[in-house]
Amino acid sequence: MPFGYHGKILHVNLTSSSVSIEEPEESFYRKYLGGQAMGMYYLLKDFPRGADALSPENILAVTLSVVTGTAISGQSRVVVTAKSPLTGGIGTSEAGGFWPAEAKFAGFDAIIITGKAPKPVYLWLNNGDVEIRDAAHIWGKTTGETETLLKEELQDKGIQVLQIGPAGEKLVRFAAIMNTRARANGRTGMGAVMGSKNLKAIAVRGNKRPSLANPEEFKELASWGVQNFPTSDANYTAVYGTAGGVQSWQALGNLPTHNWDSGVFDGYMALSGETMSETILKERDTCFACALRCKRVVEIKEGPYQVDPQYGGPEYETIGEFGSLCCIDDLAAVSKASQLCNMYGMDAIQTGGTIAWLMDCYTRGLISSEQTDGLEMSFGSADAMLEMTEKIARREGVGNLLAEGIEKAADVFGEETRKLAVTVKGATLAAHMPQPKRSLALIYAANPYGADHMAHEHDPSYGGYPARMAELGLADPQPFRVLNTAKVRYTLVTQAYFNFLNSLGVCQFVWGPGWQLYGPVETMKFINTVTGWDFDVKEALTVGERSLNMLRAFNAREGITSKDDRLPEKLYKQLSGGATDGVRVDPEEMTTALAEYYQMAGWDTDGIPTDVRLEELGLDWVLK
């Protein structure tokens with residue numbers, strides 16, 4: 004009898020409408036834990052080399068972990084992994100909410116989906132039972148409409164729904180997968196993969212809660228978190244949400260503005276978490292068993308941009324992308340953009356970044372209003388931003404082109420527009436600036452699934468949390484604006500740790516190596532009290548390294564190598580204004596750092612894991 008997990012992996016073939024259950028050994032769970040690493044196991048094992056991301060051959064791995072569903076903050080996370088239709092390489096994305104825990108209670112540790120249904124369907128998982136049901140009546144519905152209809156149909160308001168919106172159905176290449184209407188597996192286009200399979204939703208319900216190995220020690224750890232949370236640095240995120248970082252990033256010159264030309268925005272205060280709390284915040288929402296309550300729920304009943312609270316509220320990333328990046332200082336308009344992304348099921352980071360790029364091209368005269376369906380896409384135009392967001396979601400007019408991603412749009416608009424694109428591997432940058440935080444520059448370039456701000460611990464934590472860093476073997480803090488050998492090692496070690504966290508399936512606002520509530524020591528205790536193992540930090544880092552090497556191996560197999568580990572031109576140009584005036588990424592520094600990074604990771608000069616490194620990590624099967 005396993006502790007913490009069921010030992011059951013559900014396999015669904017939508018082409019044949021068949022289901023089966025795999026029961027792996029305990030060693031499998033200890034080696035991969037769940038989440039990202041577990042998903043990568045199935046992708047590398049069963050995905051045909053070179054198959055199209057939107058073909059039936061793609062594998063959609065929906066994975067939980069050995070700790071999902073336990074009664075402690077920050078564990079209700081789901082990771083979705085597949086080949087990305089946006090980048091052509093690996094795609095992976097995480098989300099919280101109540102769906103992950105409920106899916107675990109439904110009796111499964113993961114759902115591996117293959118094939119394509121001949122018509123729209125949804126999955127119904129209920130206490131170990133699995134049904135493939137017709138979804139014709141909910142196809143085309145928004146996420147709010149779909150959730151309401153499924154709860155009525157299944158006669159249970161307690162079910163949780165993971166679903167795509169119209170953007171996923173229309174195969175927008177950066178479509179998201181949504182749960183609770185406001186929790187997004189947003190990045191890398193996993194919603195388009197789900198849509199390509201004619202799979203509208205996965206509804207779950209259950210009461211199969213796994214047993215704990217040491218319930219008393221687990222209760223002590225959960226109580227420790229509740230007691231220490233009010234005085235921890237994680238509390239600030241709870242009070243003001245991720246938008247609480249707006250003022251800090253402005254002061255540091257780290258608030259991306261005018262499509263990455265500057266790190267400061269004059270209208271920043273109107274977009275801040277404090278302003279949100281004082282004006283439109285209706286309530287603070289949370290995920291299953293989590294004390295943080297960091298999710299924003301906003302409501303606007305009057306004015307041109309009315310916002311429905313069922314779709315939550317804007318995160319910092321949404322504010323950075325639709326706000327400062329587009330030079331829009333209207334919080335109501337940004338909140339409306341957040342609602343549209345959640346209604347239609349679209350990645351807010353990619354959507355906002357795409358519109359900021361379009362505004363840049365338009366402002367510089369590289370495209371005309373004839374190419375934007377008559378819309379004047381000037382910086383600061385909230386109405387144009389919102390209309391273009393809907394066009395992309397519906398694939399209407401120029402939105403049909405933009406839904407293919409910036410790189411393909413630039414093929415049509417011209418090479419000069421490509422020089423303004425701020426993307427890595429086709430994915431837009433998250434709203435954290437690598438110019439002042441140099442390890443972020445390295446991560447943005449080298450991360451297998453594009454420029455992701457949640458792929459490692461940012462520079463400030465190195466010196467800010469020395470005791471926690473020492474637990475990972477990092478005892479030589481470095482300044483922000485250097486990318487020397489010590490900083491490269493810091494980048495790689497914390498990247499491995501974050502890959503471990505993504506495999507454990509926990510929230511990086513609660514569990515982490517720096518400012519978070521629980522540090523590495525508490526995280527190992529968490530795993531062991533749940534499973535009965537003797538997990539330690541060394542083993543955790545090995546899981547992370549294993550996951551990272553699997554991501555790189557998949558990309559190498561699909562033709563993505565060091566040639567794709569490059570930053571956009573704009574990051575090498577000097578910023579203007581504020582604390583980062585004149586600051587830029589140094590290209591020579593980046594070249595040296597990437598070479599050191601590959602060497603430290605045990606990869607060749609093309610950034611591909613060597614045979615020796617894969618064998619050291621127990622991944623010799625990948626060599627086949």
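Using the numbering used here, you'd call the opening residue of the sequence shown number 4 and step up by one each time. Beta carbons are placed, not taken as given, at the ideal position from N, Cα and C, and that holds for glycine. What you are looking at is a predicted structure, and each value in this text was computed from that prediction instead of being measured.
The beta-carbon distance between S579 and D269, rounded to whole angstroms, is 13 Å. This is too long to meet the 8 Å contact definition. Non-local beta-carbon contacts of L405 in its own chain, meaning distances under 6 Å to residues more than five positions away in sequence, involve T357, I395 and A412 in chain order.
Here W518 is buried. Its C-beta has 16 or more other C-beta atoms within 10 Å.
Between V15 and I114, the CB-CB gap stays under 8 Å. Shown here for N502: same chain residues with a beta carbon closer than 7 Å to its own, the five before and five after excluded, namely Q39, G547, S550 and L551 in chain order. Going by beta carbons, L274 and I322 fall inside the 8 Å limit. Contact annotation: N182 and V164 have beta-carbon atoms nearer than 8 Å. G147: member of the alpha helix (DSSP H) spanning T146 to E156, first to last residue. Ranking G581, P59, D132 and P103 by CA distance to the CA of I24 puts D132 first. In its chain, beyond the 5 residues on either side, L520 have a beta carbon closer than 7 Å to the beta carbon of S235. In this structure, the straight-line span from the alpha carbon of Q78 to that of T420 is close to 42 Å. In this structure, Q253 sits away from Y239, with a CB-CB distance that is not shorter than 8 Å.
Rounded to whole angstroms, the gap between the alpha carbons of D589 and T526 is 36 Å. Note: W102 is not bridge-paired with any residue in the DSSP secondary-structure output. Selection G383, A336, P169 and R208 evaluated against H261 yields G383 as nearest (Cα-Cα). Positions of the alpha helix (DSSP H) runs, each at least 4 residues long and wholly inside the stretch 483-555, are given as 488-507 and 523-534 in order along the chain. Cβ-Cβ distances below 7 Å link P437 to L443, A444, Y447, L574 and V588 in the same chain, with the five nearest sequence neighbours on each side left out; the list follows chain order. Beta-bridge pairing by DSSP links H461 to no other residue. Secondary-structure assignment with DSSP links S265 through a beta bridge to T260. Rounded to the nearest angstrom, the gap between the Cα atoms of M380 and Q353 is 17 Å. With fewer than three CB-CB distances shorter than 8 Å, the stretch 198-211 does not count as touching the stretch 323-342. In the structure shown, Y35 falls within a helical segment according to DSSP collapsed to helix, strand and coil. Here Y308 carries a coil assignment [DSSP, helix/strand/coil].
Here the alpha carbons of E134 and T145 stand approximately 23 Å from one another.
In the structure shown, the three-state DSSP call for Q438 is coil. Annotated as distal: A454 and A434, with beta-carbon spacing of 8 Å or more. K211 is positioned such that its CB atom lies closer than 8 Å to that of F108.
For I283, there is no enclosing beta strand (DSSP E), as DSSP marks it with neither H nor E. Rounded to whole angstroms, P5 and L224 show a C-alpha spacing of 21 Å.
Proximity to T488 across V65, S214, Q602 and L215 peaks at Q602, based on C-alpha coordinates. Under the DSSP assignment, D137 falls in the beta strand (DSSP E) whose first and last residues are D132 to D137. Shortest Cα-Cα distance from I205 to any of W227, P213, A74 and E150 involves E150.
Taking a cut-off of 8 Å for Cβ pairs, the stretch 309-323 and the stretch 288-300 touch, as three or more such pairs fall below it. Under the three-state reduction of DSSP, M181 is assigned to strand.
Comparing C-alpha distances from G72 to each of F512, V427, G244 and H9 shows the shortest one belongs to H9.
Excluding residues up to 5 positions away in sequence, M527 lie with their Cβ nearer than 8 Å to the Cβ of D539 in the same chain.
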